[in-house]
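Just below is one structure, and these are the notes that go with it.
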Amino acid sequence: MFIIAAMNDKGSPRTKLPFFYGWIIVGAGAISGAFNLGSAGFATSTFLAVMQADLGWSQTVIFGALSVRVLLGGLMGPILGPLADHPWAPQVILPIGSIFLALSFILLRWVETPFQYYMVYGVLGALGVAAQGSGMWQTLAIKWFVRNRAKALSWSNAGAASGPLIFPLFLTFLIGSMGWRDAWLWLGITTFIIVLPLSLMARTSPEVMGMLPDGDTPDTKPAPSSTTPTSQKVSVAEEYSFTKGEALRSKSFWILTLALALAVVGITGYQAHWIPYFQEKGFSLEVAASGVAVYGFFNVGGRFVWGYLAGKYNIRTMMILQGCLATVGVIFMLFIFNPVMMVAWGVFQGINLAGFFMLQSLATAEFFGRGHIGAIRGFMTPFANGTRAVAPLMIGAMHDWSGSYTVPFLLVVGTWILAALAAVAIRPPQLPAQKL
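For the sequence shown, this note's numbering gives the first residue as 431, with consecutive numbering after it.
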């Protein structure tokens, strides 16, 4: 009943809030994003050692379920992406996804075999991640904002960035106090209690509630400064929205997708192995989790730094800079030998890795508009999630083969260099001929 009643919001009390409802969308997406990121790769790496010791499974088996989770979730992108453009579909899909996400943690309390683990964490988790993922929330944020889009995505992404800050320490405490099985159980219960109510607040766009983006009125006339990039000067009326077909026929779409797929190896695949890497270097689980928390703290702040820069300077230039800095950060990690160096790395890597996904989202919206952004981003998802699924498994397998993380982390260096080169080649797409 709550879903049906929520489908028509025009004139509801929520339209009379003392602030723009779009910021509720941003806040809900930020908190949900923390659960999506923090409870995926970071959770897997935190549980890795204790699950290996108790169940006797290899790294490849444990990270393989994460790969299944990500790959299947990505394959659903072209289906769920267009639904993000539907007037009421997100407020149905997101609550369902919240339930699946919570169950994918709760049921791990009772797994005994790799098959059970893959079905619960891999398959059921894929349904939750696909329907409740940060991609859906970011699409909604893009639709609710035009002039303030960089600021909105900074706040939304800051929530996802808090996942590494909160979850390794939270899960380490739970594992130490109640064991890994009950830790999974309580992670699921917490997800259900927090994420499900937030998902009920989702609305596709301000137009669904009788509003305009940014809380504007029809006579709003923004007056940007001379330093404001072109993307921030465009009004809702002036912003042309490419259809999915028009976007797919542009070179810009494919170069941007390539940059995203390459960078995912250097973020998701790389991040999933941080705690095992630090433990291999002789640090305890608690110290390793603290090092990741330092990264998470500065990653949250870094979202606002990159959001500010994206509002002042060319997004393509920022993507190139971010790729170069990320390359340096991975090389830095190979030379960490004490906690002080770990903290320094966490500060540097936290700030520079904060930028990529937000910059990519901003570039997609700037290039293709907001009207069909769900369908366009949804078509990017299988490519990004393909490398996101393979990367943790590939890095784990390379570690098992070589006996250390040096070779796989050098591979990550290479992918960041290629992502930066792809950003060099990106140009805004030309408008379709009939719109010139």
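Ideal Cβ placement from N, Cα and C applies to all residues, glycine included.
Original post:
Would you report the Cα separation of Thr658 and Ala580, rounded to the nearest angstrom?
Top reply: Per-residue confidence for Thr658 stands at a pLDDT of 46, beneath the threshold of 50, marking its modelled position as unreliable; the derived number appears in the next sentence. Computed Cα separation, rounded: 11 Å.
**OP:** Could you tell me whether the Cβ atoms of Val695 and Ala821 are closer together than 8 Å?
**Re:** yes
**OP:** Compare the C-beta of Leu485 with all C-beta atoms of chain D and state if any pair is closer than 8 Å.
**Re:** In summary, chain D is missing from the structure at hand, where a single protein chain is found.
Subject >> Given Thr543 as reference, the closest of Leu485, Gly558, Ser584 once Cα atoms are compared >> reply: Leu485
Original post:
Taking Phe545 as the reference, which of Ala591, Ile492, Pro517 has the closest Cα?
Top reply: Ile492
**OP:** Give the secondary structure of Ile856 by DSSP, where H, G and I count as helix, E and B as strand, and everything else as coil.
**Re:** coil
Original post:
Where do the N-terminal and C-terminal ends of the alpha helix (DSSP H) with Thr811 fall, by residue?
Top reply: 803-832
Subject >> Nearest to Ile761 (by Cα), restricted to the options Ala718, Ala805, Ile745, Tyr835 >> reply: Tyr835
Original post:
On the three-state DSSP scale, how would you describe Leu861?
Top reply: coil
Original post:
Among residues of its own chain, excluding the 5 on either side of Thr634, which ones have a beta-carbon nearer than 6 Å to its beta-carbon?
Top reply: Pro517, Pro520
Original post:
Quick one: Cα of Val638 to Cα of Gly776, how far?
Top reply: 42 Å
**OP:** Taking Ile847 as the reference, give the member of Trp704, His829, Pro838, Ile750 with the closest Cα.
**Re:** Ile750
**OP:** Give, in chain order, every unbroken run of the alpha helix (DSSP H) that is at least 4 residues long and sits entirely within the stretch 466-508.
**Re:** 471-485, 489-505
Subject >> Distance between beta carbons of Ala514 and Thr569, contact taken as under 8 Å >> reply: 4 Å
Subject >> Cβ-Cβ distance between Gly589 and Ala560 below 8 Å >> reply: no
Subject >> Exposure of Ile806, with buried meaning 16 or more beta-carbon neighbours within 10 Å >> reply: buried
Subject >> Three or more C-beta pairs below 8 Å linking the stretch 718-733 and the stretch 826-833 >> reply: no
Original post:
What number of angstroms, rounded off, separates the C-alpha of Phe597 from the C-alpha of Ala795?
Top reply: 30 Å
Original post:
Any idea what DSSP makes of Thr867, helix, strand or coil?
Top reply: This structure cannot settle anything about residue 867, because the visible part of the chain is limited to 431 through 866.
**OP:** Report the three-state DSSP secondary structure of Val625 (helix, strand or coil).
**Re:** helix
Subject >> Gln662 to Ile745 span [Cα, whole Å] >> reply: Note on Gln662: pLDDT 48, under 50, position unreliable in the model; the coordinate value appears next. When rounded, the distance between both Cα atoms is 11 Å.
Subject >> At least 3 beta-carbon pairs within less than 8 Å: the stretch 773-792 vs the stretch 729-739 >> reply: yes
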